[in-house]
Each structure stands twice: as C-alpha cells, then as structure tokens.
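Converting from the sequence shown to our numbering requires adding 1 to each position, the first position being numbered 1. For every residue, glycine included, the Cβ atom is placed at its ideal position computed from N, Cα and C. If you're wondering where the values come from, they're calculated on a predicted model, not measured in any experiment. First the structure, in the form of structure tokens, and then the observations on it.
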Amino acid sequence: MRVALVGLGEIGLAAHLPALLRRPDVDVVQLVDPDPGRREIAAGQGIPARAELDPHAVDGVVLATPPWVTPELAVRSARAGLFVLAEKPIATSVEAARIYDQLDDEQRRRIQVGLTYRHDPAVRQLRTWIAAGTLGTPVLVRAHIYDEAHRPEDHEHTERITATLEHGTPVVHEGAHLFDWLSHLLGGQPQRVQDAWSSTTRPELPAPNLIGARLTYPNGHQALVEFGWFTTALPRCELTFLGDRGLATLDGFTFDLRLSTADGDRELRFPGDRTTRCFDLQVQRFVELYDSTRKAGEPSLDDGIAALRTAQLVAGRAT
Ligand SMILES: NC(=O)c1ccc[n+]([C@@H]2O[C@H](COP(=O)([O-])OP(=O)(O)OC[C@H]3O[C@@H](n4cnc5c(N)ncnc54)[C@H](O)[C@@H]3O)[C@@H](O)[C@H]2O)c1
Numbered sequence: 002m003r004v005a006l007v008g009l010g011e012i013g014l015a016a017h018l019p020a021l022l023r024r025p026d027v028d029v030v031q032l033v034d035p036d037p038g039r040r041e042i043a044a045g046q047g048i049p050a051r052a053e054l055d056p057h058a059v060d061g062v063v064l065a066t067p068p069w070v071t072p073e074l075a076v077r078s079a080r081a082g083l084f085v086l087a088e089k090p091i092a093t094s095v096e097a098a099r100i101y102d103q104l105d106d107e108q109r110r111r112i113q114v115g116l117t118y119r120h121d122p123a124v125r126q127l128r129t130w131i132a133a134g135t136l137g138t139p140v141l142v143r144a145h146i147y148d149e150a151h152r153p154e155d156h157e158h159t160e161r162i163t164a165t166l167e168h169g170t171p172v173v174h175e176g177a178h179l180f181d182w183l184s185h186l187l188g189g190q191p192q193r194v195q196d197a198w199s200s201t202t203r204p205e206l207p208a209p210n211l212i213g214a215r216l217t218y219p220n221g222h223q224a225l226v227e228f229g230w231f232t233t234a235l236p237r238c239e240l241t242f243l244g245d246r247g248l249a250t251l252d253g254f255t256f257d258l259r260l261s262t263a264d265g266d267r268e269l270r271f272p273g274d275r276t277t278r279c280f281d282l283q284v285q286r287f288v289e290l291y292d293s294t295r296k297a298g299e300p301s302l303d304d305g306i307a308a309l310r311t312a313q314l315v316a317g318r319a320t
C-alpha cells in the first residue's frame, strides 16, 4: 500500500510515521506539509517531502493535521478515490463535519478515524468484563482525563495548546477518544447529558481548560467525566469502572488494568508501550481496509461524528 503522511507535526512524526515504517507492506512515498520548517525536520527520512499532496501517486493518506484542516483534506482525498486514515477529532464541530455529507457510501466506507486507543487490548478486556457482568450492572465510570501541563518555557507547546483551545475546550479534543471508548464499552451512545460544568483557570485562555459532565448510558450505566489541560500540575489521568461486584481501574497513560473483585486483585499489563501498540494496530486495520479484509473503516466516520456530537453537547451545556 502506497501511503502519504500529511501533517508532519508532533503526532505525525512521533507516532504515525514510525508505525507506517514498521509495516513491511506499507510504502511511505510522500511526506506532506505546507510548513517548510516541518518538511526540513522530516528530511532525514529520505522520503520525498512536498507542500501539497499528489493524490495520483498513492493508495491512501494518513491525515495527521489539525482538526480545523482535516475535514476538507479528508473529503478531497476520499473523492479522489483514496483510503483515508484521518486524525481525531474529525472536525471541530458537528456543523463543520457536515462537509462529510458530500461523500457517497463507498467514499465514507474508505475512511478510518484515528481514535487510536480503541484498538488497545485493555479496552477489549474491559468490554468483555462489562458485558459479562464481572463488575456487576450498572457500572459507574469516573474518567479523569488530564494532560498537557502548562510549561511556559516551552513556547512551541504553549502555542500549540493555545491554538487548539481557540478551536474548542479539551472535551472536543480529548472527548473524541473518551466518548468513543465509552459508547464502545457501555453498549451504545449516551442517552443524556445530565449536567456539565467548566472552569477557566487563567483569564487569557481562549476557552475553559477544565470541563466535565455527568452522562447516562444504556443499561443504567453512568459516567462522571472530567477533562483538564494546561494547569501547572495535573491530577492523575485514570478511569475507574465500579459496579456492585467489582472495580476495574485503567491507567490513563499506560493502559495497565487492575481488577478487584471478591476473588481478589488482578493486574493486567499488555506488551510494549501503549502508543506503539495502538498505532501499530491502527495501521494494521488501515491496511486491512485497503486489501478488503475489512469492509469499512474501524472506527468509522460515523463513530468519529458520534463522539464529536457528544463532546459538543457537553461543551454547549457546560459553557
Ligand atoms: N490519535 C492520537 O492519539 C493523537 C494524539 C495527538 C494528537 N492527535 C491529533 O492529531 C492532529 C495533529 O496533532 P499534532 O499534535 O501533531 O499537531 P501539530 O500542530 O504538531 O501538527 C500538525 C501539522 O499539520 C500541518 N498542517 C497544517 N495544515 C496543513 C495542510 N493543509 N496540509 C498538510 N499539513 C498541514 C502543520 O504544519 C503541522 O506540521 C490533531 O487533530 C490532534 O488532535 C491525535
């Protein structure tokens, strides 16, 4: 599969490119970014770098671009007949995601959304425990998603996070992942956002940097979710799933799992680090979409839009 990597920023060069290069059946033939500085950083790879994608020379594209740029690139690439792995969130709002309505079913089918951590074996294990009633039903989820500590001396990071906040609160950016996991784990989309809150910890920030909500899911499951960015120190990033019979704890960074039931405690650690594990599985699924082993992108464009819709509901309710 001939692939172009579009967007040579942080996640493009640190995670997508190494995962693509690890696959013997993928040939990375173009590196694309309009920023000459980013192309220069990528130059050592020996792969032609361009300011614009040449869609005729590739079978698929990986779009590691900001979410306010991704929708138009994804639509253009899908309409050119390419397979598309598009980073999350697939747009910054449900309105902006309407551009995907231009695609027909075949073009939509060829889009996989970069909800990378859905692929982790820890998520599969949690889903099995919840479905089998290992924890009891219903389950109370407490999700504390905290990342991107404020380091004023790191100008590049400060600029990137400020620019991202200009396009929405952390729930839009991190919620893409979390709401995808929760609907996958709890048997469907949330039925209601019960309430929500937000807080802006420094007046110069363009959007609230702390935000949270209480949601109800099918089967009586409930979720208390919190997202936080850009404070000097951050609480632990962790998810807990508590039912009458047990407690499962997922470390938000490593995805190490702990299960506590009447039978005792169990720790589960999966091989390798989470990023490598999940980006490798993600590329594998992308290749399987290309070679027709898979009939549609997983996660699909509809999954990406559903997660965005929940994030937007929370953001609207909170602010
Ligand atoms: N799946 C994950 O785990 C994960 C992790 C981090 C970031 N992300 C997502 O990946 C995306 C990129 O994040 P990042 O942190 O790498 O951002 P970044 O700002 O470091 O990189 C984005 C790159 O895209 C380039 N770009 C902008 N417009 C472009 C265009 N029209 N064509 C080609 N390239 C263009 C920029 O020049 C920049 O180099 C975001 O949507 C983010 O939410 C996903």
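Excluding the 5 residues flanking it on each side, A197 has same chain C-beta neighbours closer than 6 Å at A214, V315, R318, A319, in chain order.
Put simply, of E11, L21, A312 the residue whose alpha carbon is nearest the alpha carbon of S184 is A312. With a threshold of 16 other beta carbon atoms within 10 Å, D121 meets it and is buried. Beta-bridge annotation (DSSP): Y147 is paired with G229. Rounded to whole angstroms, the separation of the alpha carbons of F271 and S261 is 18 Å. For S261, the enclosing beta strand (DSSP E) stretches over residues 258 to 262.
Under the three-state reduction of DSSP output, F242 falls in the strand class.
Per DSSP, the beta bridge partners of D252 are E239. At least one heavy atom of ligand 1 lies less than 7 Å from the C-beta of E88. DSSP places L166 inside the alpha helix (DSSP H), whose first and last residues are 156 to 167. G115 places its beta carbon 8 Å or farther from that of A144. Proximity of the beta carbon of G176 to ligand 1 is not indicated: no heavy atom of the ligand is located closer than 7 Å. Judged by DSSP secondary structure, Q31 falls within the beta strand (DSSP E) whose first and last residues are 28 to 33. A distance below 7 Å between beta-carbons, with the five flanking residues on each side excluded, links L309 to the following residues of its chain, in chain order: P90, I91, A92, V95, A98, A177. Using a Cβ-Cβ distance cut-off of 8 Å, the region 106 to 113 and the region 206 to 225 are not in contact, since fewer than three pairs of beta carbons, one from each stretch, lie closer than that value. In this structure, the C-beta of V7 approaches ligand 1 to less than 7 Å from one of its heavy atoms. In this structure, ligand 1 has no non-hydrogen atom nearer than 7 Å to the beta-carbon of A224. Inclusion of E11 in the 7 Å shell around ligand 1 follows from its C-beta lying nearer than that to a non-hydrogen atom of the ligand. Taking all protein chains in view, the Cβ of H174 is crowded by 16 or more other Cβ atoms within 10 Å, so the residue is classified as buried. Inclusion of E154 and I162 in the CB contact set at 8 Å is not warranted, their separation being larger than that value.
Here H17 is buried, its C-beta having at least 16 other C-beta atoms within 10 Å. Annotation: I42 to G273 spans about 27 Å, alpha carbon to alpha carbon. Around the Cβ of D181, a 10 Å sphere holds 16 or more other Cβ atoms; the residue is buried.
In this structure, V284 sits away from R39, with a CB-CB distance that is not shorter than 8 Å.
With contacts defined as CB atoms closer than 8 Å, L290 and Y101 fail to qualify as a contacting pair. Relative to the Cα of L136, the nearest Cα in the group V33, L179, D28, T250 belongs to T250. Its Cα nearest to that of T170, the residue A208 stands out among G247, G188, A208, T202.
Contact between E268 and R259 is confirmed by a C-beta separation of about 5 Å, below the 8 Å threshold. Per DSSP, reduced to three states, the secondary structure at R3 is strand. S200 sits in a strand when the DSSP states are folded into three classes. Between ligand 1 and P67, a heavy atom-to-CB distance of less than 7 Å is present. Its Cα nearest to that of I48, the residue L14 stands out among L14, W130, T233. Going by DSSP, G61 is part of no alpha helix (DSSP H) but of the beta strand (DSSP E) stretching over 61 to 64.
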